[in-house]
Structures are given as C-alpha cells and as structure tokens.
Amino acid sequence: MENDAITWIIGPLDPVDVSSICTWFEIAKADLISEVLQVLFQASVGKRRIEHQQDASFVSPIARRLQSVTESLQEGSETWNRILAARQEIYLDMAKGGLNKEEFWRYRVFTEKAKDSMLKQVTSARINLREIDEIIGHARENQSPYKSGVRCPITGQDCDLSLIVDPSQVFVGFQFTSDHYKTPSLKAMVTEALQKMNLRPFFPDEHFEPVHISCEICHTLQQGAICIFEISDSNPNVMFELGLAYMLGKFTILLARKGSPGTQISDIAGIHRIEYDDLVECRDSIIRHLGDSSTLRKVLKSMAKEDTK
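See below:
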C-alpha cells in the first residue's frame, strides 16, 4: 500500500513506477554525455584545422553551448536529487503515522513540477547539441581542409576526417605490458631519442578520442611522417598498426629485443629493424638511424611543404 501511495504521489515518468524515473534519467544522461564527447572530438579536429588557417571564430559559440549543456545536465541531476529527497520525506512521514490529503497533493504537485523541469533541461541540452553540430557543419563547409583520400578499413568509404599534417609527430606502437621491456623505460628512451632530433612521440595509451580505436590510430598515423613499432611480442594490434603504416607509405622503424619472437617473423624478416640488448642501446640506435637517413630528410621536407600550402 505504501509503495502504491508513493507511485501515486511521484507519478510515473514513462510507464511503470518511481524507479523508471531514475533509470530513464541515468540513460538520458549517459546518452547526452556520449553525444557531448562526439561533438568535442569533432570540434577538436575542426578547431585544430581552423587554427592552422588562423580562423577559429566558430570555437566560442561551441564553447558557450557546451557550457549550457553542462549546466542543463547539472540542473537536471539536482532536480532528480530533490525528487529522491521528497520521496524519502514521504516515507518518513508515513512511518510517523501517515499523510493527510493536503500533504499528498503537496508532494504530487512538487514532483510533477520537478519532472517537468528535468525534461526541459534534457530538451535544452539536446537543442544546444544540435546547434553545435550545425555550427561545425557550417564551419567545415566554409573551409577547405586537407583530406587524406584514404579508403577507411572500417567503413569501406573514403575517409572524410580533416587531416592536420604534423611532420614532428612520431607514432609509437608497442604492447602496453611486455616481458621484454618495462613500458615506462621504453617510452622514456624513445622520447629522449626523438627529442634529440626535434621530434615528439605520440603514444596511443596516453590519448583517447570517442571514436573507433582503429579510426583514431589511422588518423594519427596519417598526420606524421615517421612511425616506430616495438614488435618483440608480435602483438596482433601492433602488427595491424604496422600494416596500416606500410599501407600509408610511412617511414617506419622496427624495434625488437634480441632473441624475442619479434625477430622471428618471416613476413618482415627482410625489413631492416633495430635489435637491441637494452633500452639505452635502443635509444642510441634510433638516434643514429634517424640522423643517417637521407630518405627521412626528404620525407620531412616534403611534408613540411605540404603543410604550408
């Protein structure tokens, strides 16, 4: 009987009982957060490209609307917490001896208004997200960003992501946990080697974008001129990334600890790789390899020219 009274006072949001309100709002909130992340990624890609062309005028309207989305979600969440507090108060009053008719109606009116407010906040958030999409679309229509022209291995369609050429960025593929090296040490040695050549690493485990991981990897591979892959573990993900790099025609350096499975791969046995006993030796070999390569110098020079067009 008490639960029936609570349901009558709170009222169902969409079909059944009080709990459906909480479920609905949590789903709506998660859905909106996902949409915000997608918009942030699109805005980030577009913002970097527009800034490269000295025009970032569309960024401020997006920032204002994202702030509105955040405020709407926050207010909606606070409203739901007030509903929960009201429900708790009803239970306490019932435990003390019940509610009179006037109190029943007071709670009923309060919760109906609270639910209406919550719905308005979610609707407002969605309107702002739609406007952000329109702003991004309009900005892209008025720009001529460099496109990769690569056929996407995920969708089978031509890639339509804007591409920011960055010759100084070096993609570093490796197995995150390995028996052949300690990941922090590997990253430190590679970073030292690249900094000697005025280059900087891109480590996939330090970045996240709300898109398919293969899309993020492919997009990053296309941005730079050089890729480094540590293949000691013959990790399938690293091998997939290596295949993408070869497909894209990137200048690629292979690393493998001496005696590891990575030195036994027959398909790439004829491709030059750096085999090392320790990571200090690995670092020094990378520096020598980068410094001695006339091919790499030509690639970097070509990408630098492309970037200034």
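Count the sequence shown with our numbering and you get residues 50 to 358, in order. C-beta atoms are modelled at their ideal positions from N, C-alpha and C, and glycine is treated no differently.
Val221 carries a strand assignment under DSSP once its states are collapsed to helix, strand and coil. Residue environment: Trp154 is assigned as exposed (fewer than 16 neighbouring CB atoms within 10 Å of its CB, all protein chains considered). Comparing C-alpha distances from Arg200 to each of Cys267, Val221 and Ile213 shows the shortest one belongs to Cys267.
Check the Cα spacing between Tyr325 and each of Asp341, Glu279 and Leu243: the tightest is with Glu279.
Rounded to whole angstroms, the separation of the alpha carbons of Leu243 and Pro250 is 7 Å. Spatial neighbours of Ser334 in its own chain (CB-CB distance under 7 Å, excluding positions within 5 residues in sequence) are listed in chain order as Ile323 and Tyr325. Sequence-distant partners of Leu293 (beyond 5 residues in either direction) whose C-beta falls short of 6 Å from its own C-beta, in its chain, are Cys267 and Leu270. Taking 8 Å as the cut-off, the beta carbon of Gly340 is found no closer than this to the beta carbon of Met238.
Nearest to Arg346 by C-alpha distance, out of Thr160, Val287, Ile275 and Met288, is Ile275. The residues Ala305 and Glu324, in chain order, have a CB closer than 7 Å to that of Thr312 in the same chain once the five nearest residues on each side in sequence are set aside. Three or more Cβ pairs drawn from the segment 281-292 and the segment 222-241 lie within less than 8 Å of each other, which places the two stretches in contact. Under the three-state reduction of DSSP, Thr301 is assigned to strand. Counted as a single uninterrupted DSSP element, the alpha helix (DSSP H) harbouring Pro285 occupies residues Pro285 to Met296. A straight line joining the alpha-carbon of Lys169 with that of Ser227 spans about 51 Å. A residue is called buried once 16 or more other Cβ atoms fall within 10 Å of its Cβ, and Leu248 is buried on that count.
Pairing Ile277 with Ile317 gives a Cβ-Cβ distance that is not under 8 Å. Between the alpha carbons of Ser166 and Ile176 lies a distance of about 15 Å.
Residue pairing from DSSP places Asp207 in a beta bridge opposite Arg200. Relative to Glu265, the option among Thr172, Ser342, Lys145 and Cys208 whose CA is nearest is Cys208. Nearest to Ile184 by alpha-carbon distance, out of Leu291, Leu115 and Thr204, is Leu115. Within the same chain, no residue comes within 6 Å of Thr204 by CB-CB distance, once the 5 residues on both sides are set aside. Going by DSSP, Arg337 is part of the alpha helix (DSSP H) stretching over Leu328 to Asp341.
Between Ser309 and the set Ile213, Asp327 and Leu133, the nearest pair of CA atoms involves Asp327. Under DSSP, Glu324 shares a beta bridge with Ala305.
Here DSSP, grouped into helix, strand and coil, assigns Phe278 to strand. According to DSSP, residue pairing for Phe251 in a beta bridge involves Phe220.
Counted as a single uninterrupted DSSP element, the alpha helix (DSSP H) harbouring Val239 occupies residues Thr232 to Lys245. In this structure, DSSP gives Lys145 a state outside helix and strand, which the three-state scheme calls coil. In chain order, Tyr156, Phe159 and Thr160 place their CB closer than 7 Å to the CB of Ala135, counting only its own chain and leaving out the 5 sequence neighbours on each side. Here DSSP, grouped into helix, strand and coil, assigns Ile262 to helix.
In the structure shown, Thr226 falls within a coil segment according to DSSP collapsed to helix, strand and coil.
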